[in-house]
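Engineer: Per our numbering, numbering of the first sequence is gapless, rising by one per residue and ending at 77.
Backbone N, C-alpha and C fix where the C-beta goes; we use that ideal spot for every residue, glycine too.
Here the structure is a predicted model, which means the values were calculated and not measured.
Dropping a structure here in structure tokens format, bear with me for questions.
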Amino acid sequence: MEKEYEVECDGQSMKLKPVKVWMLAPKGRRGVIIGLFKCPGGKVVRKAIGKAE
DNA sequence: GTAATTCC
DNA sequence: GGAATTAC
């Protein structure tokens with residue numbers, strides 16, 4: 025199960041579950057895990073929620 | 001710039 | 001098609 029993460033929505037920090045999670049890493053470098061979130065107002069927010077190995 | 005992914 | 005995301 026996806027944990028909830030703190031995301032900024034409408035100037036407010038709220039805990040949301042990511043709609044989608046994937047790794048974003050250039051070749052030969054470390055990179056990050058990106059989460060895609062949707063705020064109640066409909067705004068879409070991407071945030072790094074972890075580091076890739 | 002690069003990486004993947006989604007939204008407008 | 002371009003923007004956005006992180007950090008190296």
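How about residue 34 and residue 59: do their beta carbons lie closer than 8 Å?
Structural biologist: It is not a contact, given that the beta carbons lie outside the stated cut-off.
Engineer: Are the beta-carbon atoms of residue 54 and residue 72 separated by less than 8 Å?
Structural biologist: Contact: no.
Engineer: Where residue 36 and residue 62 are concerned, what is the direct C-alpha to C-alpha distance, given to the nearest angstrom?
Structural biologist: Straight-line Cα distance between these residues: approximately 13 Å.
Engineer: Do residue 28 and residue 39 have their CB atoms nearer than 8 Å?
Structural biologist: Against a cut-off of 8 Å, the Cβ pair of residue 39 and residue 28 comes out as a contact.
Engineer: Rounded to a whole number of angstroms, what is the C-alpha to C-alpha distance between residue 12 and residue 67?
Structural biologist: The requested residue 12 is not part of the displayed model; the chain covers only 25 to 77.
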